[in-house]
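Okay, so the sequence shown: first residue is 8 according to my numbering, each after it adds one.
Cβ atoms here follow ideal geometry from the backbone N, Cα and C, with glycine treated the same way.
Keep in mind that this is a model prediction, so the values were computed, not measured.
Written below as structure tokens is the structure these notes are about.
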Amino acid sequence: MMRVAMCITQEHDLRLVALALLVCLIGSSATIQLFGRIRSASGQIRLGWIMLAAVATGTTVWATHFVAMMAFRTQAPVVLDPLMTLLSLMIAIALAAPGLAIAAHRRTGCGLAGGAIVGVAIALMHYFGMSAYRVDGIVTWAWGYVAASVLLSVTLGGVAFYLLTTPRAWRRTQAVSVLSLAVAALHFTGMTAMDIAVVKLGDGLSDLTMAGLAIATAMASLIIVGCAAISALIDGHTQGESYRRLRRMALHDGLTDLPNRMSFHEELERRFLMKDGRACMAVVMMDLSRFKVVNDTYGHHAGDQLLIALATRLAAIVKPAECVARLGGDEFAAVVSYDRPEELTDFLDRLRAVFATPFVFDRFTAAIGANTGVALAVHDGFDADALLAKADLAMYRAKSVHSPEPCFYDAQMDDAARDRRELVAELRDAIETEAFELHFQVQAAVATGEITGYEALVRWKHPTKGMIPPTAFIPLAEESGEIVPLSRWILQQACFEAALWPNRHVISVNLSPKHLGDPGLVDTVRTALENSGLSPERLTLELTESAIIHDRRFALEQLQALKAMGIGIALDDFGVGYSSLDVLRSVPFDCIKLDASFVAEIEHDEQAVSILRSVAALGRTLNMRVLAEGVEEPGQLAIAAREGCAAIQGYLIGRPSRTLMDPERVRRTMMPKPRSVPAITSAA
Ligand code: C2E
Ligand code: CA
Ligand code: CA
């Protein structure tokens, strides 16, 4: 160590040594910079960066060596072999290239191995360079120092690139220092190894010439290395810029430049973790109302214009603790971090103000609104997804009740609505996969006990919930409009099954009010009859008065067309709901079905019996059979028979089932044999 220090201080021009070290430091820094580019590139571009980095490494090592040699002072005359000098540069470049390529691999050990190869390149360059340095004297080598210099170069080279295996800024600074140290340590230890015995004093290169050569070499090499480093810098910047642009594109909505769904979700998750230093957080979901009208009337370009203008207004009202995003289409969302509830109220007020003034454009003016749902953390949800879903549910409610005011999530109301929506979605699938079956409930004539027909009652075979009764899904199907396709399937299926029955019983099918309003109904019925081969007289359609009340004229037209085909029409659930005599007068019903709620009372309530009697009389007058529904007890049957009902249906004679009833059993239930009275025997 001492000898090396002595060699530097006593045998070198210290100014030129400083210059050499400067070249070494700048060159090493450029090498590390270029090395970073190799890592971020692939294919041919990677190869290009390897070449450029190898040139920078070779030039640095070579120039450091050259300038340091010029700093070396000896009494003996010195000449330089230009060919060997050039060859030493080529060797450095050629060997640095594979070293850098290996070091750039991300596999463990590659950094160390590649760096060691660079260390070998530095050493080889030095000793080749020394052979170009022709000195007129006796040169002896201290081989221990030679070995030490090579060992230092290889080890420090390896360490320098090993440090770069973890991508940290301070690691790069360390790597630059260690690489510089590798070059410098090799050179000066190598110089210490060399001893020159001066044979004759003479005129070799003068000090001035050497200094000039050193400065010129330093400048030329710095220009080369500098150019390479600048190109790395520009490339890094451009890549960083395009990365930032791509990231912005990925996280922002292209049309409005507001954060998109993905970045909103990220923001929400971030706030859940950090809380943003605020006590509370709310998620606000917005769905635009009347936006579709603008799109439909003025075109999509106008819709886009409106969304951009709205986004500008929204962006203008947000405060630092708030963030507004466009989730897609006409759906916007916001997250608000706050300490006091008034801050949230204030945000909602500002939001309301955004929609208060219409949006005025050259071609049109649009007054839009928003249905808003709010969910509060952690009251309504413990994570981003839960809170978003709850705010969404609250927004749905605001939308369904057309509320311009924000709706706050309410578990009772919103969860029920969600369950209904889910059931509607499942119902849609069930209709597609025909996951239903029909059960049949027997109807029998009071006078004879004969089976007159069956009523078809639908059931939903749900994969997880089991058999769902029609009362749980028919109203839902009516609301969502799924009733028409479902009703079509029921009609076809009922006709199909009835056509296969051994007895020519009538099949009664319930017709929903919505289906009666469907212009395709008559065709559907005709097709169902034709496809199944069921004769029209064997089909009866049951409908309630509400079906006729809606669009009375059209309903009557439809019913007349159906009657003309020979189909029977029954008035279902008579006595509840509208019950207008006018309906009875205008529609030629074949049968009136007295609602089960009356039948349930007739054993105990005289008034119910009076109604039953009146309806039976009405039926006789209008020439319509009266059927009592929901007969469960023999007593109820007896009263229905006494008051003049023509037929009954109810659990007494049979529950709805997939299989048909045994006629004999039905008759026995309808007409029980009078109890045999024991004969009176007189004891004589
Ligand atoms: P609904 O047309 O009044 O059908 C009679 C309902 O009363 C059936 O219930 C039947 O199982 C039940 N019932 C029959 N006898 C008795 C009895 O003695 N006691 C009691 N407590 N109940 C009895 P279900 O099958 O649950 O059907 C309920 C309602 O769903 C039907 O009332 C009808 O409005 C509707 N529905 C059923 N199937 C269809 C269908 O295929 N299409 C349409 N649109 N609606 C249907
Ligand atoms: Ca019915
Ligand atoms: Ca009924």
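- Its chain contains no residue whose beta carbon lies nearer than 7 Å to that of H386 once the 5 sequence neighbours on both sides are disregarded.
- Shown here for W496: same chain residues with a beta carbon closer than 8 Å to its own, the five before and five after excluded, namely I438, E441, F443 in chain order.
- For R370, there is no enclosing beta strand (DSSP E), since its DSSP letter is neither H nor E.
- The residues L193, T196, G197, in chain order, have a CB closer than 6 Å to that of S156 in the same chain once the five nearest residues on each side in sequence are set aside.
- Near ligand 2, meaning a beta-carbon closer than 5 Å to one of its heavy atoms, we find N517, E549, D579.
- Judged by DSSP secondary structure, M402 falls within the alpha helix (DSSP H) whose first and last residues are 391 to 407.
- Under the rule that a run must span 4 or more residues, the alpha helix (DSSP H) segments found entirely inside the stretch 575 to 609 read 588 to 593, 603 to 606.
- Under the DSSP definition of a beta bridge, W467 partners with F443, I475.
- Selection I618, D242, M631 evaluated against I599 yields M631 as nearest (Cα-Cα).
- Look at S604: its beta carbon is at least 7 Å from all of the heavy atoms in ligand 1.
- One thing to note: V343 has its Cβ within 8 Å of the Cβ of V291.
- The closest heavy atom of ligand 1 lies 7 Å or more from the beta carbon of P595.
- Between G126 and L107, the C-beta gap is not smaller than 8 Å, which leaves the two residues out of contact.
- Non-local C-beta neighbours of I231 in its own chain, meaning closer than 8 Å and more than five positions away in sequence, comprise V62, A63, T66, ordered along the chain.
- Counting C-beta pairs with one atom in each stretch, the stretch 297 to 308 and the stretch 273 to 289 have fewer than three that are closer than 8 Å, which means they do not touch.
- In the DSSP assignment, the residues bridged to Y345 are C287.
- Using a C-beta cut-off of 8 Å, the stretch 547 to 555 makes contact with the stretch 508 to 520, since at least three inter-stretch Cβ pairs fall below that distance.
- Its chain contains R674, M677, M678 as the residues whose beta carbon lies nearer than 6 Å to that of G456, once the 5 sequence neighbours on both sides are disregarded; these appear in chain order.
- In the structure shown, A61 adopts helical secondary structure according to DSSP, grouped into three states.
- Following the DSSP letters along the chain, one finds Q17 in no beta strand (DSSP E) but inside the alpha helix (DSSP H) bounded by residues 9 to 18.
- Residue burial annotation: N538 is exposed, with fewer than 16 other C-beta atoms found within 10 angstroms of its C-beta.
- Looking from the CA of V622, the closest CA among A484, F447, A653 belongs to A653.
- Counting only runs of 3+ residues, the beta strand (DSSP E) found wholly inside the stretch 92 to 177 occupies 140 to 142, 144 to 148, in chain order.
- Rounded to the nearest whole angstrom, the C-alpha separation of L659 and L667 is 15 Å.
- Bounds of any alpha helix (DSSP H) do not take in V331; it lies within the beta strand (DSSP E) bounded by 329 to 335.
- Distances from the CB of I514 to the heavy atoms of ligand 1 are all 7 Å or more.
- By the Cβ-count criterion, E636 is buried, with 16 or more other Cβ atoms from all chains shown falling within 10 Å of its own Cβ.
- In this structure, K472 has its beta carbon at no less than 7 Å from each heavy atom of ligand 3.
- For the pair P543 and I574, the CB atoms are nearer than the 8 Å cut-off.
- The beta carbon of N267 sits closer than 7 Å to the beta carbons of L258, H259, D260, A332, R333 from its chain, once the five residues preceding and following it are set aside; these are given in chain order.
- Taking A37 as reference, the option from R22, I57, R559, Q51 with the minimal CA-CA separation is I57.
- Residues A200, M201 of the same chain have their beta carbon placed closer than 7 Å to that of W148, with the five preceding and five following residues left out of the count.
- If you ignore the 5 residues before and after E608, its C-beta comes within less than 6 Å of the C-beta of A615, all in its own chain and listed in chain order.
- Going by C-alpha positions, S487 is about 13 Å away from A424.
- Taking a cut-off of 8 Å for Cβ pairs, the stretch 178 to 189 and the stretch 38 to 46 touch, as three or more such pairs fall below it.
- For G527, there is no enclosing alpha helix (DSSP H), as DSSP marks it with neither H nor E.
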